[in-house]
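For the sequence shown, counting from 1, position 40 maps to 40 in our numbering; every step adds exactly one.
For glycine and all other residues, C-beta sits at the position ideal for the given N, C-alpha and C.
Working notes, beginning with the structure itself.
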Amino acid sequence: MDVIVSRSGGFAGLRRVWRVDVEEQPDERAWRELLGSLPWEADDEPQASAGRSASAAAPGRPDRFVYEIQVQTHHVRLGETELDGAWRELVDRVRKAQPS
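Right, dumping it as structure tokens:
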């Protein structure tokens, strides 16, 4: 099962993508527990996430990052300021697991 995290925006507007196969991780069980703890239901519908603040920079806050997270049929788009808790933990783990 692949976890794909992409980050776009920022000052340069560059897009960066990280991908991790959970089955290949030594702590696969911990990955699955983290993925199971995420509030996917609230963000699975593309139209639900499209209207969130991630779709446009907040007034007075240009150059923020937007994160997109995909796992199987789940997809969520979060603005930099919305990336907290378990979402932040997932993004950090994916970035650390994929060598640069």
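Could you check where the alpha helix (DSSP H) with Asp92 kicks off and where it finishes? First-last of the alpha helix (DSSP H) with Asp92: Gly85 to Ala97.
Counted within 10 angstroms of its Cβ, other Cβ atoms place Leu14 as buried (16 or more) or exposed: exposed
Straight-line Cα distance separating Val3 from Asp21: Each residue's alpha carbon lies about 6 Å from the other.
Taking only three categories from DSSP, how would you classify Leu34? helix
When the distance is taken between beta carbons, is Ala97 closer than 8 Å to Ser37? no
Measuring straight from C-alpha to C-alpha, what distance separates Trp18 and Val5? 5 Å
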